[in-house]
Every structure is written in C-alpha cells, then in structure tokens.
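Quick notes on the structure that follows.
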Amino acid sequence: MSAAGERRRQFDELFAANEGDGRTRVIRAVDVHKVYRSGTQETHALRGANLEVFAGEYLSIMGPSGSGKSTLFNMIGALQKPSSGKVYIDQVDIAALDATELAWLRCRKVGYIFQTYNLIQVMTCLENVTLPMAFAGMEPEPAREKGIEILKLVGLGHRILHKPSELSGGQQQRVAIARALANSPEVVLADEPTANLDQRTGQEMIELLFELKQNLGVTIVSATHDLKMLMKSDRILWIEDGRIVRDQKPSEVDFASQEFH
Amino acid sequence: MHTRSIIPTQVRLPLSVALGVVRQGIRIRLGRSLVTLTGVMLGITFLMSTLTSQALKGGVAEEDRLREDANRMYGYLVAETGPLLGRSLALLVTGPLSGVEQRLLTRLTSEGVELRVASDAALTDTAAFKRVRDARELGRDAPAIVVLGGKPAAATDFSALFSQARRPVLAFTAGAPPNAPGANVVALSRPRGQEERARLEAERVSSRFRGAFIVVVSLLVTVIGISNAMLMSVTERFRDIGTMKCLGALSSFVRTIFLLEASFMGAVGGALGVVLGFVFAVASYLLPYGTELALVALGQHPGQLALAAMGSLVAGVALSVMAALYPATLAARMVPADALRSNV
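Residue numbers (our numbering), protein chains in the order written: chain U, 1 to 261; chain Y, 1001 to 1344.
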C-alpha cells in the first residue's frame, strides 16, 4: 500500500473511532501541517495538529505566541488552507475549495470576533450586523429585522443607529458578537475577545458568550489567555510547537500553576 | 465520503450594496474624496479648455481669414475705382453670397457706399441694398459693377449698364471673368502665395502637436495623482477590506467598490471640469477678441464643442477608472488573514 493510501486509511480509522458517540463535529482538523516559505527559509507553523470541535461546545485554545495558534485559527476559520492534512468545516474539506467557495463558507458557516473588534467605522451598528447578511444574499428588509433582533439579544437594542466610534469598547465588541451571529454560523471564532477590554467589561463579554452558548447552542472557539474565560469553557486545548499537546476540561486544570501567571 | 461535493457559489452582491458602501466611504472620507475629485476636475478642466480653445481658435481663424480676404477684395476694388465714400456700386448677383462676399458687402456698407441691385435679385438681406427697376438706373454714376455669387454672369450687355463711366470697372469675385469688351475687368479674389499658405499650414500643425503633447502630459499627471490617492485610500481601508473578506465578501466585490468610487469621482470631477474648462476657454477669447468675434467663433462649430464636452466627461470617468485599476486589484487580491494582522 502506498504511503498516501496508508495515511488515508489512518484518517478513515480516526473518523470511524470518533463517530460512534453521536456527537456532531462542526470542525475537524486531521494531521494539519502548514509551512511558510520566504526565500529559502521554511517556517513550520503547524506540524501535524489534530482537533475536533463539537456542536454546541465552548472550546478554548491556549498557546504561547509562535506556537501556531493563529495559523490553526486561520485554518478553522477558512482563511487559510493547510499545506497538508485535512480541515473540515461542517464536513467540507476546505483544501478543495476555491476562493469563491471559501468566501461562501466564511460567510455562512463561520462567525468571527476579533481582538480589535474590526467594525466598519463608516457604518452604523445595524449596517455592520446586516453586512454579512447582504453578502449571503438576504433581502434588506428581513436582514434589517434580523439585525435588530440580534442587536437586542446582545443588549444593544437602543444603539442600533449609532456609529461604532460613539460606543465604548465593550459595546463595540457586543456589536462584533452580533455581527458574528448574523448568518447563524456553525461556529463562532473569537480571537482574544477580551484582550482589549477592562476586567469588568471582559467579564460581561464572557458571560454574554456563555449565555449565547447555553441559550442558543452557539459553538464557540476562542483563543485566549483570560483565566475567567478558560474556566468557563467546556474544554481547553494547549498548542505548542505546531501540535495540540493537551486536551483538558477546566476541572482537570490547576489554574494556580505557574503557567497562568 | 465526508466531503460535500457541491458548494453553492457565493452570491454576487447587488450593486446597491456596493453603492451604499461607496456612498458612505465618500461621505466619511470627504476630505480625501475632494482631493481626488479636484484632481480629476483639474485634469478635465485643462482638457476641456484646450479642446474648446481649439474649436474657438478654428472659428476665430476662419472668421479672421474671411475678413482679411474681404479686406483684400476691398483693396483691389478701391485700387481701380478710387475712393468709394458716398458713391454707388452696382451689384450683379448670380447666386447665393459666400462668406467672403457677405463680409465685403458689410465692409462696403460701413464705408458709406450705396449698393444697388436689380429688383429681382435673390437677396434676403434687403435693408442694405437699394433695389432699382431700370437696368440703366443700376449703373448710373457707379464707378464699378461687381459680379457676386460665384456663377458666371448671364450674357448681359454690360455696356448698357454703364451710362456715363468712360472706362467702366467690372469686378468679379469668382469663376471665369465676364466677357465685357471695353471694360476694365478686375478679379477681386486672388490666390494667396504658395509661401503664405505653407506658413499657415505649418503653424497649424505645430500648434496642434504642441497642444496634444501638453494635454497628454497633463492627463497622465492626473492619472498618477488619482492613482496615488486611491492607493492611500486602499491602505487606509486595509483592515476594513480584510474584515469584509472574513465576512464573506468576494474579491470582485472589493474591486467593484473601488472602481465604483473612482467612476463616481470621475463623473462628478469630469462634469465640473467640463464646465470650468469651457468657461475659462471662452473667457480667454472674450478678453482679447471682444464679445462679437468670440460669439461668432463659438457659433461656428457647435458640434465640435458638444463633442469636446462629451469626450471630456467620458475621459474623466475613463481616466479615473484607469487610475483605480491597480489600487482596486491590490485591494481585491488581499488575503483576509493579512488584514487582521495589520493593526492600524
């Protein structure tokens, strides 16, 4: 059997082993490698990362800078393709998609929450939230109604026509969360969502995300160093040197240990 | 087995969404939008004023040439007849008057010459002429008969027309000389010398070439200016572009935004430029040539002027879109993940 065939068999076994528990996997990354080349220099950002995200869970990814965390995040957000290995988002292999299909996937399957909010400054809150809906081809009227609905959900029903610059950081991040939910994605990716917020606002944001997960069954994957966020999550993955090295529940983690301080 | 084979293609956005983004973009970044717009406007102002000037110059030159030719005719006529002030001339009109002939008559009238024509002469402008019934009356006391209209005079007994003049002057403007034995036949229309014609032609060509060169250079400067401003606009919006791409925007949508913005600027700047250029060019002719000649020149080529205005407007949009092609492509090619890292 060829090497490729052997690898293929391993993948199939891996899936078979995981599929018996009746849980839906929103994202599955299998033996993902990513190599950046600049001139003759090769940088291995990921060296065989494996990962699964189950529907409705709140997953945190920990890892020092340079561990490949951002790269892994880009993969599961359909922003980059792996050099080798497979990344499935809602059972679609992203390596097989062209730019247009990736855009489709990003639009409907993934919601992004950025560390720096990344709201479009020239648009109102409502326009920011309805923009992904427009990209998904939704008519303006229903999009508007849904946008207002979602903004109410994140507690900004009274601010829908304000510009982002007129809002506090916490409020802006709420708009960003509303925007991430716009097309009812399979998974919401949050990249250090509390890093630019103060303690109290950060706490509020964690609670909001937790509520969304509890009440709406939103699947959330976040990269974070925020202890409060880690403690709230269902699972914590540790990434080091391009691989997932630990997979623990918060109850199994010693938060008093040195690595958190 | 795990892969869904078909993913629907991402919808192409309705233009209205792109237009909305463009509108907001322009409103918010009004300052720089105005700079871009001014760039287009100046370029098109220059183009339009050059084209208008060319049309006016052509008109003025034509009018100038007509008047000069008329003056030359007048000169040839007076050389034969002596001063004409207060005297009469008999006119034989064989066809519609040419521009030169009209100006010659204008000149004669302004010199206080009485112009007599036969009562059946087909002349629309009757005020300037004295119509007479009798052929004898036509030529009485007239130092000369002038044949106008470009066609050979009908077989007329010219001697009958001259009742008193001893050696009558018979002047004609075009065609073969009338056959009138005993009369002093004078051709008023004489060809310009070869050298003069060559000089005029060379002048025209060199001025056209110079004009074209300056226009091309100035338009290139405009394109580079717009391109520069658009590049800045793209850089400034790097994060927005990346964010939109994360949210599902297609590259074509991003390109459309920038091209739409550019064509809007081009249209508005171009329209302003056309108006300004026209006004400047007309003003620059009004001052040295006076209202009358400038207006005459304006009226001579209305088609050419309309064409210049249309062309300038189209050029404004086209140049602006051309200038935006590179920045728009740059923005469209951007990888979404990169945008997230550029912390502006």
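Note that CB positions come from ideal geometry on N, CA and C, so glycine has one too.
- It is roughly 6 angstroms from the alpha-carbon of residue 1175/Y to the alpha-carbon of residue 1151/Y.
- In its chain, beyond the 5 residues on either side, 109, 110 and 111 have a beta carbon closer than 6 angstroms to the beta carbon of residue 185/U.
- Taking C-alpha positions only, residue 1304/Y is separated from residue 1295/Y by approximately 15 angstroms.
- Taking the Cα positions, residue 113/U is about 45 angstroms away from residue 1219/Y.
- Note that the stretch 1177-1193 of chain Y does not touch the stretch 1274-1292 of chain Y; fewer than 3 beta-carbon pairs, one per stretch, sit closer than 8 angstroms.
- Residue 245/U and residue 149/U have their C-alpha atoms spaced approximately 40 angstroms apart.
- Closest by C-alpha distance to residue 205/U, out of 122/U, 32/U, 26/U and 153/U, is 153/U.
- Taking a Cβ-Cβ cut-off of 7 angstroms, the neighbours of residue 1336/Y in chain U comprise 79, given in sequence order.
- Interface annotation, residue 205/U: not in contact with chain Y, CB-CB separation never under 9 angstroms.
- When secondary structure is reduced to three states using DSSP, residue 1334/Y falls in the coil class, being assigned neither helix nor strand.
- Assignment of residue 1117/Y by DSSP, reduced to helix, strand and coil, places it in the strand class.
- Between residue 1146/Y and residue 1092/Y, the gap from beta carbon to beta carbon is short of 9 angstroms.
- For chain U, none of the residues of the stretch 1256-1271 of chain Y brings a beta carbon within less than 9 angstroms of one of its beta carbons.
- Secondary structure of residue 138/U (DSSP, three-state): coil.
- Within the stretch 1227-1276 of chain Y, the complete alpha helix (DSSP H) segments at least 4 residues long are 1238-1246, listed from N- to C-terminus.
- Runs of beta strand (DSSP E) with 3 or more residues, each lying fully within the stretch 226-251 of chain U, are found at 235-240 and 243-248, listed in chain order.
- The continuous beta strand (DSSP E) containing residue 1132/Y extends over residues 1129-1132.
- Annotation: residue 38/U to residue 71/U spans about 16 angstroms, alpha carbon to alpha carbon.
- Two segments are said to touch when three or more pairs of C-beta atoms, one from each, lie closer than 8 angstroms; by this definition the stretch 1263-1277 of chain Y touches the stretch 1305-1318 of chain Y.
- With a threshold of 9 angstroms between beta carbons, residue 250/U makes no contact with chain Y.
- Not one beta carbon of chain Y lies nearer than 9 angstroms to the beta carbon of residue 61/U.
- Residues of the same chain with a CB within less than 6 angstroms of the CB of residue 106/U, apart from the 5 flanking positions on each side, are 78 in chain order.
- If only uninterrupted alpha helix (DSSP H) runs of at least 4 residues are considered, those enclosed by the stretch 1071-1117 of chain Y are 1099-1110.
- Leaving aside the five residues that flank residue 1259/Y on each side, the residues in its chain whose CB is nearer than 8 angstroms to its CB run, in chain order, 1321, 1324, 1325 and 1328.
- Put simply, the stretch 129-136 of chain U touches the stretch 167-186 of chain U. At least three CB pairs are less than 8 angstroms apart.
- Residue 1213/Y carries a helical assignment under DSSP once its states are collapsed to helix, strand and coil.
- Contact between the stretch 1226-1236 of chain Y and the stretch 1246-1262 of chain Y is present, with at least three C-beta pairs closer than 8 angstroms.
- Between the beta-carbon of residue 1070/Y and that of residue 1107/Y there is about 5 angstroms, and that keeps the pair under the 8 angstroms contact cut.
- At a cut-off of 9 angstroms between C-beta atoms, residue 103/U counts as an interface residue with respect to chain Y.
- With a beta-carbon spacing of about 16 angstroms, residue 1211/Y and residue 1044/Y fall beyond the 8 angstroms limit used to define contacts.
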